[in-house]
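*Asks:* Heads up, the working numbering is the position in the sequence shown plus 445, with the first residue counted as 1.
To start, I am sharing the structure in question, which I have written as C-alpha cells.
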Amino acid sequence: MKLSAFCVFCCMLGGISQAATYIWSGAANNGIYGDSGNWTVNGSPNGYYPQHSANDDAVIGQNAGTITWSDSEAFFGATNTIQIGSGSTLVCSPAKGDLNVNSITLEGNAHLVFESTNAFGLGRDFTLNFGTFTASEHGSWTATDITNFWVNHHSVHFTGTLDMNSLTGSGTIELASIKSDQWDGPLTLDLSGLNIASTSQVQANVTQITENGVTKVIINYETVPEPATFSLGILGLGGLLLRRRRK
446 MKLSAFCVFC CMLGGISQAA TYIWSGAANN GIYGDSGNWT VNGSPNGYYP QHSANDDAVI
506 GQNAGTITWS DSEAFFGATN TIQIGSGSTL VCSPAKGDLN VNSITLEGNA HLVFESTNAF
566 GLGRDFTLNF GTFTASEHGS WTATDITNFW VNHHSVHFTG TLDMNSLTGS GTIELASIKS
626 DQWDGPLTLD LSGLNIASTS QVQANVTQIT ENGVTKVIIN YETVPEPATF SLGILGLGGL
686 LLRRRRK
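This is the structure in C-alpha cells:
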C-alpha cells in the first residue's frame, strides 16, 4: 500500500518535531540506551530516546556506568552525535545491525565498545573526538569482540589534542583497538585530526600497528631533559669522579 504524498510529508514533520538533545538520566535503572525512561529533554522525559541519525543528539554525563545499545531496541545505531562523559561506557552490542552516527566524543576516561556475536556494520563514516587528553586520562575505543565486522569501506576520523605539558617520562597511550579481520574493508583510520605536536621538551608521534589480529592506534611519547637539568646532572657526575680520584 502506497502512502499519499501528504501522509509522507506529515510523517516527516513528525520526525523533525521529535528532534532534540537527549540527556541521559538513567532513571529507568536498567542501563538501556533505547529506553525512553532513561532520557530527558529540557529536564523531563518526552517519551522518546535518541533515534534519528541526523537530528538527535545524545549526552551521557560523567560516571553513568555502562550503557548498552542493542538491536533488541528499535532504531539501533541511529543518533546524530553522542557525547560520553568521563567514567562512563557505551557498549554498542547488536546481534546484527549498522551504526549510523556522525560523531562520538569521548571525554576524560570514557569508553566506547563495539561488540557482536553475529554482524556489526558501519553505515557511514564517523568522527571520534577525544577532546583534550593526557596519558593518564584519555578515552578509548574497543572493537575486537565482533564475529563479523562489516566496515563497508568507511572511515573513522580521529580528532583531539594531547596535553603535552602534562607528560612526564616516557610511555604509550592506546586510543583504540580494532579487529583487523574485516568485511568490505579495509577500515580507514584517519589520524590527521589528532594534534600531537612535539616540543623541545617532549617528542611524540601517533601511529597504528597490527598484531595478533588487532589494529591499535597508539601514541608514543618521551620527555627530553631540560638543558639546565642535563648540565647539572653532568656537573654532579663530574664532581663525584673528582672526589673518587682524590681518594
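Ideal Cβ placement from N, Cα and C applies to all residues, glycine included.
On a predicted model such as this, the values are computed, not experimentally measured, just so you know.
For V669, which residues of its own chain have a beta-carbon under 6 Å away from its beta-carbon, when the five flanking residues on both sides are left out?
*Replies:* Within the same chain, V669 has close Cβ partners Q646.
*Asks:* For N481, does the three-state DSSP call read helix, strand or coil?
*Replies:* First, the residue type needs correcting, since residue 481 is Ser and not Asn in the sequence shown. In this structure, S481 counts as helix in the three-state DSSP scheme.
*Asks:* Quick one: grab the DSSP three-state call for S611.
*Replies:* Here S611 sits in helix by DSSP.
*Asks:* Give me whichever residues DSSP pairs with S645 in a beta bridge.
*Replies:* None, per the DSSP bridge assignment.
*Asks:* Is the beta carbon of Y467 less than 7 Å from the beta carbon of I512?
*Replies:* Contact: no.
*Asks:* Cβ of L634 within 7 Å of Cβ of V659?
*Replies:* Their beta carbons are not under 7 Å apart, which means L634 does not touch V659 by this criterion.
*Asks:* Would you identify the three-state DSSP class for A519, choosing helix, strand or coil?
*Replies:* Reduced to three states, the DSSP call for A519 is coil.
*Asks:* In the DSSP output, what is L544 paired with across the bridge?
*Replies:* Partner(s): L567.
*Asks:* Measure the C-alpha to C-alpha separation of T644 and L607 and round it to an integer number of angstroms.
*Replies:* Spanning the two alpha carbons is a distance of roughly 12 Å.
*Asks:* Can the beta-carbon of T587 be found less than 7 Å from the beta-carbon of V558?
*Replies:* In contact: T587 and V558 (Cβ atoms closer than 7 Å).
*Asks:* Compute the Euclidean distance between the alpha carbons of S615 and N650, then round it to the nearest angstrom.
*Replies:* When rounded, the distance between both Cα atoms is 12 Å.
*Asks:* Just to confirm the assignment: which complete beta strand (DSSP E) runs, minimum length 3, are found wholly within the region 619-670?
*Replies:* Segments of the beta strand (DSSP E) lying fully in the region 619-670: 633-640, 647-656 and 659-668.
*Asks:* Among G553, S515, T550 and A555, which one has its Cα closest to the Cα of L544?
*Replies:* Answer by Cα proximity: S515.
*Asks:* Could you tell me if H583 is buried or exposed, where buried requires 16 or more neighbouring beta carbons within 10 angstroms of its beta carbon?
*Replies:* By the neighbour-count rule (16 or more Cβ atoms within 10 Å), H583 is buried.
*Asks:* List the endpoints of the continuous beta strand (DSSP E) containing V486.
*Replies:* Careful: V486 lies outside any beta strand (DSSP E) and carries neither H nor E.
*Asks:* Under 7 Å between the Cβ atoms of S581 and A555?
*Replies:* No, the Cβ-Cβ distance between S581 and A555 is not below 7 Å.
*Asks:* Give the straight-line distance between the Cα atoms of S611 and Y666, rounded to the nearest whole angstrom.
*Replies:* Roughly 11 Å separates the two Cα atoms.
*Asks:* V601 bridges to which residues according to DSSP?
*Replies:* F571 and L634.
*Asks:* Looking only at its own chain, which residues have a Cβ that is under 6 Å from the Cβ of T577, when we skip the five neighbours before and after it?
*Replies:* Hits under 6 Å: T606 and D608.
*Asks:* Measuring alpha carbon to alpha carbon, tell me which residue in T562, F520, G566 and E671 is nearest D629.
*Replies:* Among T562, F520, G566 and E671, the Cα nearest to that of D629 is on G566.
*Asks:* Using the Cα positions of A642 and N574, report the straight-line distance between them to the nearest angstrom.
*Replies:* Looking at the two C-alpha atoms, the distance is approximately 17 Å.
*Asks:* Please tell me whether A473 and N483 are closer than 7 Å, where the distance is taken between their beta carbons.
*Replies:* Contact: yes.
*Asks:* Between the alpha carbons of G568 and N640, how many angstroms are there, rounded?
*Replies:* Cα to Cα, the separation comes out at about 27 Å.
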